[in-house]
Amino acid sequence: MRNRMQVHVVHRSGGVNGCGGISELLVWDTDESGHYPHWRLPVETMKTPGDAPSASTGSVIVRILVSVVLLTFAVVADFVSGPNTVSTIFYLVPVSYVALSMNTVAGVLAALLSAGLWLMSDMVSYEWTKHPVVPLWNALAQAAVFLLVSLVLTRLRLDVKRQQRINAELRLANERVLRLSQTRSDFCAMVSHELRTPMATVREGLRLVADGLGDGTHYEQKEYLRMTQENVERLIRLANQILDFSSLESNTFRLRLQDVDVNRLIRDHAAFVEPQVKAKGLSIRLELAPELPTVRGDPAAIAQILTNLVSNAIRYTTKGEILITSKTSEGFTPPPGSVMPQEDGIAVSPVSQVPERQPTVAGRGILITVRDTGRGIRDEILRIIFEPFNALKQTEVTEDGGTGLGLAITGRLIAMHGGVIAISSTEGRGTMVEILLPLDGSRNAATHGVESSIEGVRHDGR
Amino acid sequence: MKTVMVVEDNANLALILQKRFTEAGFKVESLNDGFALLVRLGDRAKPGPDAVILDIRLPGRSGHELLDRIKTVWPETKVFIFSAYAEYRTMVRSELVEGFFLKTDGIENVVIAVGISVNSEPDSGEVGPDA
Chain A
861 MRNRMQVHVV HRSGGVNGCG GISELLVWDT DESGHYPHWR LPVETMKTPG
911 DAPSASTGSV IVRILVSVVL LTFAVVADFV SGPNTVSTIF YLVPVSYVAL
961 SMNTVAGVLA ALLSAGLWLM SDMVSYEWTK HPVVPLWNAL AQAAVFLLVS
1011 LVLTRLRLDV KRQQRINAEL RLANERVLRL SQTRSDFCAM VSHELRTPMA
1061 TVREGLRLVA DGLGDGTHYE QKEYLRMTQE NVERLIRLAN QILDFSSLES
1111 NTFRLRLQDV DVNRLIRDHA AFVEPQVKAK GLSIRLELAP ELPTVRGDPA
1161 AIAQILTNLV SNAIRYTTKG EILITSKTSE GFTPPPGSVM PQEDGIAVSP
1211 VSQVPERQPT VAGRGILITV RDTGRGIRDE ILRIIFEPFN ALKQTEVTED
1261 GGTGLGLAIT GRLIAMHGGV IAISSTEGRG TMVEILLPLD GSRNAATHGV
1311 ESSIEGVRHD GR
Chain B
16 MKTVMVVEDN ANLALILQKR FTEAGFKVES LNDGFALLVR LGDRAKPGPD
66 AVILDIRLPG RSGHELLDRI KTVWPETKVF IFSAYAEYRT MVRSELVEGF
116 FLKTDGIENV VIAVGISVNS EPDSGEVGPD A
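Protein sequences appear in the order of chains A and B.
If you count the first sequence from 1, you need to add 860 to reach our numbering.
If you count the second sequence from 1, you need to add 15 to reach our numbering.
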């Protein structure tokens, strides 16, 4: 029987190229017989990229030989073609080759050598009685041209090399980020699983104790018990949401598509939360369009979307009502001032206040709105509303028992259905969430058409 | 009296399941690993239960492996999966199981679902409200 689980982070100081950091996460189980490793997550330290092995001696000799051969060709061609040809082009071949394949010094030497050979060839056939200094001037001009070409090509070679090094660095950094992200997801999933069994036991044990207290006068005990139970529920919710989120993050989350009666889901959920709503002195009202067509989706996922939105509405509303509506809609225009998640489901794109600049989502769908008369959402929080763990950036959410993951999960679930969500809010007056789920199922069926799963949602098989 | 078999290796949860089902008017048989279930499946003298609450990660044999065998030997028995791993929901063949519950979904919901499924009248007074 497992008693305790410990996580050890193994640091490697120094490491490869002096780059220290976490090298392993070790997860241990501890029982009567001692410790035994349960899980081992290697986290490779990053190698310094870009230091490609320098050219071997063999390849340098080959390059020198090729350069010599090209230069010899140029000289021969220069001599054979006679004094009246433009022989510059013959020398540009070896100069370019050296500049592109070897280092800067070799390029300069090749340019000067070519100019010298050019001068020799010129002097052999030159009639010195004409003008004794002309070949020298010509050779100087040639040297300038060769040097220019050599330096330009050297610069080009260095730029290409630097670009390759940057690309290699980026590739390695990207691989590392992916690996770390996978490690984190695996770790979250494992920990959450391990948490479920003990938390279920604690919750059920507390319920048995609560039942045992009966209707007696154990007021104080009952209060402590209620407090403990509330916090266990909160822990369970957190574990479930972390697990949902990590499975969405690691793309292991799949939808199980079928024809869903949205109105029925709304009615069921409203009935489920009604006692809670009444206990807070609120009311819940439904305005559902009759004969709403079914939508192609995962009923458990849509139920979870509703659960998240309605529980937020209840949590942040102290007086008034919660209104849920449904109807078919030809497209969707988010209200000015609302926010929508971008394609990744996280980053928010605020909808312009200018009506003609509002984005419009085309296509027929079912429009669901959840509206409350609660305290509303401040602008700075609205901007991060779809970010996971946004509860860390604000205090009031955590105080109220939110995990800061609900809307991040909701946004992604809606995106997986090919739908859109927009949230608008006026501080002190309430919040409205609008969702459009497409009736044309082809979009999501193509990408998520396999049998698939959803976590953390009750499914009782009825 | 309807019978329910609880196959769960966590002794604490097994105890609570047993207590809740007993309160709801079921006759409960408790097994704590896959081997025990295998042996029980081989015992043709005893009839199968009306429902089985099956954990997936079990010592001996996994509930996953045993599911087919349960439905072959006891075709009338309703099987409910009770696991900490949500991923198993897509791994088990849905035509073989009556319901899938996470361990954190609340045992009272399991009892209600089993009650409805086996057409029994669970003692409603014992079922607490969902928090």
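Even for Gly, the Cβ is constructed at its ideal location relative to N, Cα and C.
Between residue i and chain A, is there a C-beta pair that is closer than 8 Å?
{"i": "I85 (chain B)", "result": "no"}
{"i": "I31 (chain B)", "result": "yes"}
{"i": "S122 (chain B)", "result": "Per the sequence presented here, residue 122 (chain B) reads as Ile, with Ser not at that position. So yes, I122 (chain B) belongs to the interface."}
{"i": "L56 (chain B)", "result": "no"}
{"i": "K34 (chain B)", "result": "yes"}
{"i": "T37 (chain B)", "result": "no"}
{"i": "L117 (chain B)", "result": "yes"}
{"i": "A99 (chain B)", "result": "yes"}
{"i": "N47 (chain B)", "result": "no"}
{"i": "L28 (chain B)", "result": "yes"}
Against chain B, does residue i count as a neighbour if the rule is that its beta carbon must be under 8 Å from one of theirs?
{"i": "R1124 (chain A)", "result": "no"}
{"i": "T1270 (chain A)", "result": "no"}
{"i": "A1134 (chain A)", "result": "Just to set this straight, residue 1134 (chain A) is Glu in the shown sequence, not Ala. For E1134 (chain A), the answer is no, since every Cβ of chain B falls outside 8 Å of its Cβ."}
{"i": "M1059 (chain A)", "result": "yes"}
{"i": "H1277 (chain A)", "result": "no"}
{"i": "G1288 (chain A)", "result": "no"}
{"i": "E823 (chain A)", "result": "Nothing in the structure corresponds to residue 823 (chain A), since chain A is present only between 861 and 1322."}
{"i": "G1072 (chain A)", "result": "no"}
{"i": "H1129 (chain A)", "result": "no"}
{"i": "E1064 (chain A)", "result": "yes"}
{"i": "I1096 (chain A)", "result": "yes"}
{"i": "R1025 (chain A)", "result": "no"}
{"i": "N1100 (chain A)", "result": "yes"}
{"i": "H1053 (chain A)", "result": "yes"}
{"i": "S1166 (chain A)", "result": "A small fix is needed here, since residue 1166 (chain A) is Leu in this sequence, not Ser. Cβ-Cβ to chain B under 8 Å: no for L1166 (chain A)."}
{"i": "L1103 (chain A)", "result": "yes"}
{"i": "R1056 (chain A)", "result": "yes"}
{"i": "L1068 (chain A)", "result": "yes"}
Label residue i either buried or exposed according to how many other C-beta atoms from any shown protein chain fall within 10 Å of its C-beta, with 16 as the threshold for buried.
{"i": "R1022 (chain A)", "result": "exposed"}
{"i": "N1168 (chain A)", "result": "buried"}
{"i": "Q1101 (chain A)", "result": "buried"}
{"i": "N1034 (chain A)", "result": "exposed"}
{"i": "N863 (chain A)", "result": "Low per-residue confidence applies at N863 (chain A): pLDDT is 43, beneath 50, and the placement is therefore not dependable enough to give any value."}
{"i": "T1057 (chain A)", "result": "buried"}
{"i": "Y1084 (chain A)", "result": "exposed"}
{"i": "A971 (chain A)", "result": "buried"}
{"i": "L81 (chain B)", "result": "buried"}
{"i": "N1111 (chain A)", "result": "exposed"}
{"i": "E1332 (chain A)", "result": "A query on residue 1332 (chain A) cannot be resolved here, the shown segment of chain A reaching from 861 to 1322 and no further."}
{"i": "G49 (chain B)", "result": "buried"}
{"i": "S109 (chain B)", "result": "exposed"}
{"i": "E1151 (chain A)", "result": "exposed"}
{"i": "A29 (chain B)", "result": "buried"}
Could you check how far apart the C-beta atoms of residue i and residue j are, in whole angstroms? I think they sit under 8 Å.
{"i": "S1198 (chain A)", "j": "S1284 (chain A)", "result": "4 Å"}
{"i": "T119 (chain B)", "j": "A1060 (chain A)", "result": "5 Å"}
{"i": "M20 (chain B)", "j": "V67 (chain B)", "result": "5 Å"}
{"i": "L960 (chain A)", "j": "L1030 (chain A)", "result": "In fact, because the Cβ distance is near 25 Å, the residues do not count as touching under 8 Å."}
{"i": "K17 (chain B)", "j": "V133 (chain B)", "result": "5 Å"}
{"i": "P1298 (chain A)", "j": "G1225 (chain A)", "result": "5 Å"}
{"i": "D58 (chain B)", "j": "D24 (chain B)", "result": "Actually they do not touch by this definition, with Cβ atoms about 20 Å apart."}
{"i": "M983 (chain A)", "j": "P995 (chain A)", "result": "6 Å"}
{"i": "S1186 (chain A)", "j": "I1126 (chain A)", "result": "6 Å"}
{"i": "V953 (chain A)", "j": "A934 (chain A)", "result": "6 Å"}
{"i": "V1122 (chain A)", "j": "I1241 (chain A)", "result": "Actually they are not in contact, since the Cβ atoms of V1122 (chain A) and I1241 (chain A) sit about 28 Å apart, beyond 8 Å."}
{"i": "V920 (chain A)", "j": "S956 (chain A)", "result": "At roughly 18 Å, the Cβ-Cβ gap does not stay under 8 Å, so V920 (chain A) and S956 (chain A) are not in contact."}
{"i": "L1016 (chain A)", "j": "V968 (chain A)", "result": "Incorrect: roughly 15 Å between the Cβ atoms, too far for contact."}
The ligand GDP and residue i: does the residue's C-beta get closer than 7 Å to at least one heavy atom of that ligand?
{"i": "F116 (chain B)", "result": "Absence of the ligand GDP from the depicted structure is noted, as is the absence of any ligand whatsoever, leaving it without description."}
Query - the region 997 to 1004 of chain A touching the region 969 to 986 of chain A, judged by at least three CB pairs closer than 8 Å - result: The region 997 to 1004 of chain A and the region 969 to 986 of chain A touch, with no fewer than 3 CB-CB distances between them shorter than 8 Å.
Requested in this report: For the region 34 to 63 of chain B, list the beta strand (DSSP E) runs that are entirely contained and at least 3 residues long, ordered along the chain.
Outcome: The region 34 to 63 of chain B contains these whole beta strand (DSSP E) runs: 42 to 46.
Query raised in the report: Just checking, does the region 1263 to 1272 of chain A make contact with the region 1144 to 1161 of chain A on the three C-beta pairs under 8 Å criterion?
Result: Judged by Cβ distances under 8 Å, the region 1263 to 1272 of chain A makes no contact with the region 1144 to 1161 of chain A, as fewer than three pairs qualify.
Query raised in the report: Taking the runs of the beta strand (DSSP E) that are 3 residues or longer, which of them lie wholly in the region 1171 to 1245 of chain A?
Result: Counting only runs of 3+ residues, the beta strand (DSSP E) found wholly inside the region 1171 to 1245 of chain A occupies 1181 to 1192, 1199 to 1201, 1208 to 1210, 1221 to 1232, in chain order.
Query raised in the report: So does the region 1167 to 1184 of chain A actually touch the region 1220 to 1240 of chain A, counting three or more Cβ pairs closer than 8 Å?
Result: They touch, by the three-pair rule.
Requested in this report: Give, in chain order, every unbroken run of the alpha helix (DSSP H) that is at least 4 residues long and sits entirely within the region 903 to 983 of chain A.
Outcome: Qualifying alpha helix (DSSP H) stretches, in chain order: 917 to 941, 948 to 961.
**Report entry** Contact between the region 1069 to 1080 of chain A and the region 1117 to 1126 of chain A (3+ Cβ pairs under 8 Å)
**Finding:** Too few Cβ pairs lie closer than 8 Å, so no.
Query - Three CB pairs or more closer than 8 Å across the region 121 to 128 of chain B and the region 98 to 105 of chain B - result: Result no; under three Cβ-Cβ pairs closer than 8 Å.
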